[in-house]
Structures are given as C-alpha cells and as structure tokens.
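In this note's numbering, the protein residues as written are 2 to 274. Notes follow the structure.
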Ligand SMILES: [Fe+2]
Ligand SMILES: [Fe+2]
C-alpha cells in the first residue's frame with residue numbers, strides 16, 4: 002500500500018507540475034509589456050513548479066512514504082497559490098483591467114480548474130481517501146470531457162481564420178465533446194442507479210473513441226505548427242501540452258476499463274507511464 006501511495010503520488014506530481022509550469026509560461030506570454038508585476042509573478046511560478054518537477058523526478062518508488070506526504074503538502078501549497086493567481090488574472094480580465102492582453106478568460110478559468118483538480122488529487126492522496134471506482138469514473142470523465150471540449154475551442158480560436166478547414170475540424174470536436182459532456186452529466190445525475198458495469202463500460206468506450214480522435218488531431222496540429230506549416234497564434238508548446246492532456250485522459254480511461262474488467266494496472270505501469 003505504501004508503495005502504491007508513492008507511485009500514485011509521483012505519477013500525479015510529475016505530470017501536473019510540468020502542466021502548472023507551462024501554464025505560467027502561457028499566462029506570461031499573454032500579458033502586455035507593461036504588466037511587469039504579473040510577468041514577474043508568472044516567472045516565479047514557472048521557477049517554483051520547475052523546481053517541484055525536478056525534485057519529483059529525483060524520488061523513486063523506494064522513497065520513504067513520509068517524505069512523499071510532506072512533499073505532497075508542499076506541492077499542494079504551491080498549487081493553491083497558482084490557483085489564486087489564475088483567479089486574480091481572471092478577475093482582472095473580466096473587469097477590463099487588462100485591455101489588449103491575449104489570454105482568453107475561458108483559458109484562464111480552464112487552467113485554474115486544472116490546478117483545482119491537481120490540488121484535490123493531492124488532498125485525496127495524503128488523506129488516503131481516493132474515491133470508490135464508480136464515482137471516480139463518472140467524476141473524472143465529467144472533468145476531462147469539459148477540458149477536451151475547451152481545448153477544441155481554444156484551437157479553433159487561436160488558428161488563423163484563413164485556416165478554414167482546420168477551424169471547421171476544431172469546431173466539430175468542440176460540438177462532439179460538448180455532447181459527450183452532457184451525456185456524462187446525465188449519467189452523473191442518474192447516480193447511483195447508473196453505476197452498473199455495462200453502462201460504465203459503454204460510457205468509457207464511447208468517450209475513448211472521441212478522445213483518441215481528438216488526441217490524433219492535436220498531434221497532427223502540433224506537428225504542423227512545429228514545422229511552421231500552418232498559420233496560427235498557437236505556441237508549439239501549447240499544442241504539445243493539450244496533446245499530453247488528451248493522452249493523460251486516455252490513460253485514465255484505460256485504467257478504469259482494466260479495473261472494471263478485473264485486470265488492474267500494476268504500479269510498474271504507472272511508473273513507466
Ligand atoms: Fe493545461
Ligand atoms: Fe488543458
């Protein structure tokens with residue numbers, strides 16, 4: 002059990018600390034040149050999460066669980082601070098105090114939701130209170146389907162309007178994921194009666210099909226952007242970032258599916274992921 006706690010903790014912190022670090026970069030890029038205070042704050046968060054990421058890479062499965070409990074608390078504290086920073090920026094944008102800045106309100110809200118998710122996960126890990134499987138399946142899908150729907154919208158809005166075909170494709174993904182999100186919320190409201198193995202399995206299968214195709218679209222977009230073949234204001238790292246988040250969702254779907262069918266993933270799988 003101690004080993005599982007260390008493996009789960011390291012897996013979450015390694016993935017999400019890199020995500021938090023990159024959010025700091027994206028937020029900074031969207032500020033105006035005169036927003037020096039906000040730029041400094043963003044740079045400090047970048048350094049903070051880079052340090053956390055590096056330290057998480059140095060721990061191993063053999064690290065004393067008590068050391069990881071303390072590390073998780075420290076990371077939890079850092080994530081709480083970046084959440085406050087993101088919500089402050091959202092407030093500034095929505096009260097028109099940053100005219101001409103380039104961060105969409107939905108993108109800032111989205112990154113704060115990801116911080117909140119990470120913070121909850123750290124709480125659950127340290128308190129030994131991970132949700133029972135059927136609840137976790139529904140909650141994780143509701144969370145990630147909205148994240149995927151948002152990504153499609155960001156891609157659509159950050160592509161150059163002249164990239165008509167790609168914009169259409171991104172909008173179709175946006176529609177598709179909005180529908181899946183509503184379906185997931187319906188299953189949510191039908192709890193606990195909806196929590197049968199056949200319904201949850203079908204739910205996961207259907208979501209997996211769409212996430213795979215969005216993941217492939219993001220990969221293609223990311224390659225095209227890196228090769229400078231398409232017109233957009235999407236940073237290459239942002240394209241890779243949303244691709245990795247789709248991969249993460251797929252990994253979670255597969256993990257749930259394996260649990261439902263009785264072949265749980267091993268700690269090694271987590272470690273190698
Ligand atoms: Fe993100
Ligand atoms: Fe995201």
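Cβ coordinates follow ideal geometry from the N, Cα and C atoms, glycine included. Because the structure is a prediction, the values reported are computed rather than measured.
Task: Cut-off 6 Å between Cβ atoms - residues of its own chain near residue 39, not counting five sequence neighbours on either side - done: Non-local C-beta neighbours of residue 39 in its own chain, meaning closer than 6 Å and more than five positions away in sequence, comprise 32, ordered along the chain.
Task: Cα-Cα separation between residue 15 and residue 172, rounded to whole angstroms - done: One C-alpha to the other measures close to 31 Å.
- [ ] Mind checking which residues open and close the alpha helix (DSSP H) that includes residue 57?
- [x] Here the alpha helix (DSSP H) through residue 57 covers 37-59.
- [ ] Report the option in 37, 30, 61 and 35 whose CA atom is closest to the CA atom of residue 12.
- [x] Taking residue 12 as reference, the option from 37, 30, 61 and 35 with the minimal CA-CA separation is 61.
TODO: Spell out a yes or no on whether the segment 150-170 and the segment 121-139 are touching, meaning 3 or more CB-CB pairs, one atom from each, closer than 8 Å.
DONE: No, the segment 150-170 is not in contact with the segment 121-139.
Task: Residue burial classification, residue 210 (beta-carbon count within 10 angstroms, cutoff 16) - done: In this structure residue 210 is exposed. Its beta-carbon is surrounded by fewer than 16 other beta-carbon atoms within 10 angstroms.
- [ ] Starting from the C-beta of residue 95, find all residues in its chain whose C-beta is less than 7 Å away, skip the five residues before and the five after it, and write them out in chain order.
- [x] By the criterion of a C-beta distance shorter than 7 Å, residue 95 is surrounded in its chain by 106, once the five residues flanking it on both sides are discounted.
Task: Per-residue DSSP class, three states only, for residue 263 - done: Assignment of residue 263 by DSSP, reduced to helix, strand and coil, places it in the coil class.
TODO: Report all residues for which the CB-ligand distance to some heavy atom of ligand 2 is below 6 Å; order them along the chain.
DONE: In chain order, the qualifying residues are 111, 115, 148, 152, 243 and 246.
Open item on the list: Just to confirm the assignment: which complete alpha helix (DSSP H) runs, minimum length 4, are found wholly within the segment 127-187?
Closed with: Segments of the alpha helix (DSSP H) lying fully in the segment 127-187: 134-159.
Task: Per DSSP, the bridge partner or partners of residue 233 - done: The partner list for residue 233 (beta bridge, DSSP) reads 160.
- [ ] State the start and end residues of the unbroken alpha helix (DSSP H) segment that holds residue 101.
- [x] No alpha helix (DSSP H) contains residue 101, which DSSP labels as neither H nor E.
- [ ] Would you kindly work out how many angstroms separate the C-alpha atoms of residue 269 and residue 137, rounded to a whole number?
- [x] At residue 269, the pLDDT of 46 sits below 50, so the modelled position is not reliable and the matter cannot be decided from this model.
Task: Any non-hydrogen atom of ligand 1 closer than 7 Å to residue 20 Cβ - done: For residue 20, the shortest C-beta to heavy atom distance toward ligand 1 is below 7 Å.
TODO: Excluding the 5 residues preceding and the 5 following residue 104 in the sequence, name in chain order all residues of the same chain whose CB lies nearer than 8 Å to its CB.
DONE: Counting only Cβ-Cβ distances below 8 Å, and skipping sequence neighbours, we find 27, 28, 31, 32, 90 and 94.
Task: Sub-8 Å separation of residue 47 and residue 18 beta-carbons - done: Contact: no.
- [ ] Check whether the Cβ of residue 24 lies closer than 7 Å to any heavy atom of ligand 3, and answer yes or no.
- [x] Only ligand 1 and ligand 2 can be found as ligands here, which leaves ligand 3 out of the picture.
TODO: Check whether the segment 174-183 touches the segment 114-123, taking contact to mean three or more Cβ pairs, one atom from each stretch, closer than 8 Å.
DONE: Taking a cut-off of 8 Å for Cβ pairs, the segment 174-183 and the segment 114-123 do not touch, as fewer than three such pairs fall below it.
Open item on the list: Only counting the same chain, and skipping five residues up and downstream in sequence, which positions put a Cβ closer than 7 Å to that of residue 70?
Closed with: Here the set comprises 127.
Task: residue 13, DSSP secondary structure in three states - done: Looking at residue 13 - three-state DSSP - the assignment turns out to be helix.
Task: Cβ neighbours of residue 272 in the same chain (closer than 8 Å, five flanking residues each side left out) - done: In this prediction, residue 272 scores a pLDDT of 45, lower than 50, which makes its location untrustworthy; the coordinate-derived value is nonetheless stated afterwards. Within the same chain, 8, 11, 12 and 62 come within 8 Å of residue 272 by CB-CB distance, once the 5 residues on both sides are set aside.
Open item on the list: Rounded to the nearest angstrom, what separates residue 166 and residue 68 at their Cα positions?
Closed with: Each residue's Cα considered, the two are about 51 Å apart.
- [ ] Answer with buried or exposed for residue 112, where buried requires no fewer than 16 other C-beta atoms within 10 angstroms of its C-beta.
- [x] Buried, since its Cβ has 16 or more Cβ neighbours within 10 Å.
TODO: Work out the CA separation of residue 139 and residue 274 for me, nearest whole Å.
DONE: For residue 274, the predicted structure reports a pLDDT of 44, less than 50, and the residue's modelled location is therefore unreliable. A value from the coordinates is still provided. When the Cα atoms are used, residue 274 and residue 139 turn out to be separated by approximately 22 Å.
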